[in-house]
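Trainee:
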Amino acid sequence: MSAKTSPSATNSKKSSKQDLFEHPDFYAIDDLLTEEHKLVRNSIRDFVKREISPFVEYWAQHAHFPQEIVKKFGDIGAFGPTIPTEYGGGGMDYISYGILMQEIERGDSGMRSTASVQGSLVMYPIYKFGSESQRKKYLPKLASGEWLGCFGLTEPDHGSNPAGMVTNFKDAGDHYILNGAKMWISNAPFANVAVVWAKNEQGRIHGLIVERGMPGFSAPETHHKWSLRASATGELVFDNVKVPKENLLPGKSGLGAPLMCLDSARYGIAWGAIGAAMDCYESIRKYAAERIQFGKPIASFQLVQKKLAEMLTEITKAQLINWRLGTLMNEGKATTAQISLAKRNNVQVALAIARDARDMHGAMGITGEYPIMRHMMNLESVITYEGTNDIHLLILGNEITKISAFS
Ligand code: TGC
Ligand code: FAD
């Protein structure tokens, strides 16, 4: 069979059948997915279309966190997809996890934040570093969405450098006394449980499970954000909080413990950000075909075509990174630096696409008629949290040179 007639050669008919432009998949990554992956993708895509997209503009405009979404996420299996089923998790692989994050973030980055914090930053450390009784007590409730969790690492004076944290706990016999404050904590104002990173008297970092209602613990909301407005962000304040000794995560201490959680969450963000980029791309592709200026659709102008072509190129490259990284995650071979490359590249690309799509929608791009400005403002947080763009650059620099820029 010649290259021209081979089914593996270019096939434009197949591309159009695949609904290429609705869900850009230019390199047919779909063909690499299993039936289970496709099932996950289709059910979460329907869920987002039904439960998030029709309402999220209102939530964001009104800075409203829809608490009812937590139970709905639990019902659809969005929390802890890689956690074993015996603890209520999904028992799925990392590609399924990535697909979930991608599809939720097509709806909204703040909604993805809710899901990825719960799964990667709350359930994951309890599963990975928790005792069997901690796993049994917390994981099923978190998986089902009965409880919401948050992850407290960042402090007012220690963001990129969490090793400098001052939040601390002291041994007081049958319990610990926790003091300090965390800032910029997703889910905090509504969380039933917080995984908090604090130093013991020897200066060693440990994870503690702190529950809403413990005397001295409060979680005030952070207001007036221009970004992630449908996600609740807050502080965690600890004023001589009595934490039972059984709430210490026994399995791992040191900064490596929270950084391991971040590996998992950053991987999810790499997929999620491309979901937001895909939504921006789909919106501007349609708008450019319909918007007439100078008697022609703006899609006919070369500058517009260049931008569309570049968007599709960057989305495709990022999708390939995600797929390959997902297979490495499944094999337990992905490194922190590989995850940093994906998080940094994909969020940067998504933000650039959102900014271009905003411009190409003209004045309409600043309104809530289109999802663009919301995605763009959301991505301004995504490029900062879970390690800023430059922190990931320096993690890569360290990998290349074996010289840390941080010490
Ligand atoms: P460094 O000296 O490199 O490492 C300290 C110790 O940790 C070990 N380690 C790891 N262990 C396991 N997994 C990893 N990925 C690890 N990375 C490092 C390392 O071996 C070392 O162990 P030991 O035994 O020698 O002590 O640490 P450093 O202080 O130089 O810092 C490195 C740096 C700057 C890269 C790190 O601090 C960093 O990543 N900073 C960024 C902070 C960050 O990402 N914060 C995120 C907060 S959570 C959040 O934003 C949630 S938003 C969620 C949402 O809403 O979706
Ligand atoms: P800084 O560390 O002060 O950085 C400021 C600037 O300096 C950045 O541009 C940074 O790249 C640069 N910089 C810092 N150090 C270096 C260096 N060594 N070399 C070069 N440049 C450097 N944290 C949590 O623990 N849990 C959460 O759930 C959570 N959710 C968040 C939700 C939102 C909406 C936001 C915005 C943040 C959230 N964060 C959370 C905090 C987030 O992880 C931090 O904002 C982030 O790690 C950066 O810290 P910082 O804001 O203190 O910035």
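Okay, so the sequence shown: first residue is 14 according to the numbering used here, each after it adds one. Note that beta-carbon positions come from the ideal geometry of N, C-alpha and C, so glycine has one too.
Compute the minimum distance between the beta carbon of M273 and the heavy atoms of the ligand TGC, and state whether it is under 6 Å.
Mentor: Indeed, a heavy atom of the ligand TGC lies less than 6 Å from the Cβ.
Trainee: Under the DSSP definition of a beta bridge, which residues are partnered with T246?
Mentor: S199
Trainee: Check whether the Cβ atoms of P153 and C274 sit closer than 7 Å, and answer yes or no.
Mentor: no
Trainee: Indicate the three-state DSSP secondary structure (helix, strand or coil) for D59 in the structure shown.
Mentor: helix
Trainee: Suppose the cutoff is 7 Å on Cβ atoms and the five residues either side in sequence are ignored; what does the same chain contact list for H374 look like?
Mentor: I297, Y300, Y383 and I385
Trainee: Quick one: what's got a C-beta closer than 6 Å to R54's C-beta in the same chain, skipping five residues either side?
Mentor: I112
Trainee: Rounding to the nearest angstrom, what Cα-Cα distance links F86 and I366 in this structure?
Mentor: 28 Å
Trainee: Which value, in whole angstroms, describes the spacing of the CA atoms of L364 and E393?
Mentor: 7 Å
Trainee: Check for me: the beta strand (DSSP E) holding N450 runs from which residue to which?
Mentor: Residue 450 lies beyond the range of the chain shown here (14 to 420); nothing can be said about it.
Trainee: Assuming L249 contacts A194 (C-beta within less than 8 Å), just tell me the rounded distance between them.
Mentor: With 8 Å as the limit, L249 and A194 qualify as a contact, their Cβ atoms being about 7 Å apart.
Trainee: Using the C-alpha atoms, what's the distance from Y110 back to M14?
Mentor: Below a pLDDT of 50, predicted positions are generally treated as unreliable, and M14, at 32, falls in that range; no measurement from the model is reported.
Trainee: According to DSSP, simplified to helix, strand and coil, what is P153?
Mentor: helix
Trainee: Please confirm whether E234 and P202 have their CB atoms less than 7 Å apart.
Mentor: yes
Trainee: For L166, verify whether its CB is less than 6 Å away from any heavy atom of the ligand FAD.
Mentor: For the ligand FAD, at least one heavy atom lies less than 6 Å from the Cβ of L166.
Trainee: Ignoring anything shorter than 4 residues or poking outside the stretch 107-134, list the alpha helix (DSSP H) runs there in chain order.
Mentor: 107-120 and 122-129
Trainee: Tell me S231's beta-bridge partners as DSSP assigns them.
Mentor: V250
Trainee: According to DSSP, simplified to helix, strand and coil, what is H50?
Mentor: helix
Trainee: Quick one: grab the DSSP three-state call for N174.
Mentor: coil
Trainee: May I ask you to verify whether the stretch 216-227 touches the stretch 258-272, counting CB pairs closer than 8 Å and requiring at least 3?
Mentor: yes
Trainee: Can you tell which of A185, K84 and Y280 has its C-alpha closest to the C-alpha of F60?
Mentor: F60 has its Cα closest to that of K84, out of A185, K84 and Y280.
Trainee: Let's see if you can read the secondary structure: which residues bound the beta strand (DSSP E) around L431?
Mentor: There is simply no residue 431 to check, as the chain begins at 14 and stops at 420 in what is shown.
Trainee: Do F92 and G132 come within 7 Å of each other at the CB atom, strictly closer than that value?
Mentor: yes
Trainee: Fully enclosed by the stretch 337-396, which alpha helix (DSSP H) runs are 4 residues long or longer?
Mentor: 349-373 and 385-395
Trainee: Hey, A245 and A73: beta-carbon distance below 7 Å or not?
Mentor: no
Trainee: Relative to the ligand FAD, is the shortest distance from any of its heavy atoms to the C-beta of Y398 smaller than 6 Å?
Mentor: yes
Trainee: Any chance the CB of W197 is under 6 Å from a heavy atom of the ligand FAD?
Mentor: Correct: W197 has its Cβ closer than 6 Å to the ligand FAD.
Trainee: So the candidates are T95, L52, R63 and D369; which of them puts its Cα closest to the Cα of G339?
Mentor: Answer by Cα proximity: T95.
Trainee: When DSSP labels each residue in this structure, what does I42 get in the three-state scheme?
Mentor: DSSP, read as helix, strand or coil, puts I42 in helix.
Trainee: Comparing C-alpha positions only, which one of K346, M389 and Q318 sits nearest to E287?
Mentor: Position check: residue 287 holds Ile in this sequence, whereas Glu was assumed. Here the closest residue by C-alpha is M389.
Trainee: In chain order, what residues of the same chain lie with their CB nearer than 7 Å to the CB of R371, ignoring the 5 residues before and after it?
Mentor: G378, I385, M386 and M389
Trainee: Straight-line CA distance for V256 to A207?
Mentor: 12 Å
Trainee: Can you give me the start and stop residues for the beta strand (DSSP E) that H219 sits inside?
Mentor: I218 to E224
Trainee: Could you please give the first and the last residue of the uninterrupted alpha helix (DSSP H) stretch that includes G162?
Mentor: From DSSP, G162 is part of no alpha helix (DSSP H) but of the beta strand (DSSP E) over G162 to G165.
Trainee: Going by beta carbon distance, what residues of the same chain come within less than 6 Å of S144, once the five residues before and after it are set aside?
Mentor: P263
Trainee: On a Cα-Cα basis, can you pick out the residue from G177, S157, F230 and K258 that is closest to A128?
Mentor: Checked all of G177, S157, F230 and K258; the closest Cα to A128 is S157.
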